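Using UniProt numbering, the first residue of the sequence shown is number 1, and each one after it goes up by one.
Below you'll find the structure, written out as structure tokens, and then a few comments.
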Amino acid sequence: CCPGRDDGCTVPYHDTLCYCDLFCNRTISDCCPDFWEYCLGIPAPFPKAPGCARAGRSYPTGATYRENCNLCTCSPGGQWQCEDRACLMDGELIDAINRGNYGWRAANYSQFWGMTLEDGIRHRLGTFWPSPTVMNMNEMHWPGMIHEPLDQGNCAGSWAFSTAAVASDRISIHSMGHMTPALSPQNLLSCDTRNQRGCSGGRLDGAWWYLRRRGVVTDECYPFTSQESQPAAQPCMMHSRSTGRGKRQATARCPNPQTHANEIYQSTPAYRLSSSEKEIMKELMENGPVQAILEVHEDFFMYKSGIYRHTPVAEGKGPKHQRHGTHSVKITGWGEEQLPDGQTQKYWTAANSWGTAWGEGGHFRIARG
Numbered sequence: 001c002c003p004g005r006d007d008g009c010t011v012p013y014h015d016t017l018c019y020c021d022l023f024c025n026r027t028i029s030d031c032c033p034d035f036w037e038y039c040l041g042i043p044a045p046f047p048k049a050p051g052c053a054r055a056g057r058s059y060p061t062g063a064t065y066r067e068n069c070n071l072c073t074c075s076p077g078g079q080w081q082c083e084d085r086a087c088l089m090d091g092e093l094i095d096a097i098n099r100g101n102y103g104w105r106a107a108n109y110s111q112f113w114g115m116t117l118e119d120g121i122r123h124r125l126g127t128f129w130p131s132p133t134v135m136n137m138n139e140m141h142w143p144g145m146i147h148e149p150l151d152q153g154n155c156a157g158s159w160a161f162s163t164a165a166v167a168s169d170r171i172s173i174h175s176m177g178h179m180t181p182a183l184s185p186q187n188l189l190s191c192d193t194r195n196q197r198g199c200s201g202g203r204l205d206g207a208w209w210y211l212r213r214r215g216v217v218t219d220e221c222y223p224f225t226s227q228e229s230q231p232a233a234q235p236c237m238m239h240s241r242s243t244g245r246g247k248r249q250a251t252a253r254c255p256n257p258q259t260h261a262n263e264i265y266q267s268t269p270a271y272r273l274s275s276s277e278k279e280i281m282k283e284l285m286e287n288g289p290v291q292a293i294l295e296v297h298e299d300f301f302m303y304k305s306g307i308y309r310h311t312p313v314a315e316g317k318g319p320k321h322q323r324h325g326t327h328s329v330k331i332t333g334w335g336e337e338q339l340p341d342g343q344t345q346k347y348w349t350a351a352n353s354w355g356t357a358w359g360e361g362g363h364f365r366i367a368r369g
């Protein structure tokens, strides 16, 4: 509010300017809608124009904008009415984690901005627990080297990505580097359809059965193309036939026309390890990376660095902000770190499938023991 006449005393209003100096009172059409109430403390001499204000601008009734994962709508009463959904990226949780002494740092990821926590659980995980009969299996092992972390996008197919990642590494290690294929998650997503749900989730035992009995081609031959809008994944475009003694041969060209290398890679039977740290370490040392099922909570999506351990920071925000789902990852090693208080924290190192921009270059460390 400016005394007297001041032609510079304006604020943006719709596609023009409105005035908030005392001289505007002589020409009602020039004044800002809240001039009388805010500057003079009296009711406006005419009804306030419909619409809502935001960041110095006015918007008509029915206008919308998105505040992270929540849609805000301008109501007839001139107020913004916003949804109240739990967002995958939560600034309050990030600040609380980074203020606390939890041993790891959180970050705001643009790839997750605008998604609800429900979206993250539904589209960024995607592994079902194996059946009890499989949990008790202890078959002979199959070998395994280390490829870069993958990116599953908004396809809840970690069951396929973690399986392809572990198998790729172990083939490289077993062949002493003579074969270094990056196996195709899309081959599993599209072709392993028995009791599997593609980009809506799947079981690890089924993925390993398919890899052993049918085999898959490389990611270069059959690249990842599934999208959130196609949760069942795309139709299978790679088939194979038996050539005897369990071996198989591709009967179709690569979906990627730029390559003709359509060799089929298969694995030996999968087997389950106990939760013993020593047994897992021994397996890592002798055979390579290990696949693990991880219960993911709301704070894990925001992990940036350090040794992750689930925090209680969302407890005060209500049940809708506390969600969890099942995910699968590739364990690649272990270590220890000296904490500021002098104690030693043991951890596992693991590769996720959310791209290399997430976490520590696509990897994370998680408390061991």
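C-beta atoms are modelled at their ideal positions from N, C-alpha and C, and glycine is treated no differently.
The structure presented is a predicted model; accordingly, all values stated were derived computationally and were not measured.
Residue i: buried (16+ other C-beta within 10 angstroms of its C-beta) or exposed?
i: T243; result: exposed
i: S267; result: buried
i: D90; result: buried
i: G198; result: buried
i: K330; result: buried
i: P60; result: exposed
i: W129; result: exposed
i: H260; result: exposed
i: G77; result: exposed
i: L71; result: exposed
i: L40; result: exposed
Is the beta carbon of residue i sitting closer than 8 Å to the one on residue j?
i: G362; j: A351; result: yes
i: S328; j: S172; result: no
i: L150; j: A165; result: yes
i: G4; j: L17; result: no
i: Y349; j: R323; result: For clarity, residue 349 is Thr in the given sequence; the question names Tyr instead. Not closer than 8 Å, so no.
In three-state DSSP terms, what is residue i?
i: Y210; result: helix
i: P255; result: coil
i: C155; result: coil
i: residue 376; result: This structure does not reach residue 376, given that the chain is present from 1 up to 369, and the question cannot be answered.
i: E83; result: coil
i: V217; result: coil
i: N70; result: strand
i: Y102; result: coil
i: Q345; result: strand
i: Y38; result: helix
i: L88; result: coil
i: E277; result: helix
i: Q249; result: strand
Using a beta-carbon distance below 8 Å, is residue i in contact with chain D?
i: D6; result: No chain D is part of this structure, which consists of one protein chain only.
Measure the alpha-carbon distance for residue i versus residue j and round it to whole angstroms.
i: L294; j: R248; result: 33 Å
i: A53; j: V313; result: 33 Å
i: P185; j: I280; result: 25 Å
i: E37; j: T64; result: 26 Å
i: C221; j: A182; result: 10 Å
i: L339; j: K346; result: 10 Å
i: C236; j: Q196; result: 13 Å
i: A160; j: G202; result: 8 Å
i: D341; j: F300; result: 24 Å
i: R66; j: L284; result: 46 Å
i: R368; j: K282; result: 15 Å
i: G246; j: R214; result: 9 Å
### contact_flag[the stretch 100-112, the stretch 299-308] where n(CB pairs < 8 Å) is 3 or more
yes
### Task
Evaluate contact between the stretch 257-275 and the stretch 105-121, counting only Cβ atoms and requiring at least three cross-stretch pairs below 8 Å.
no
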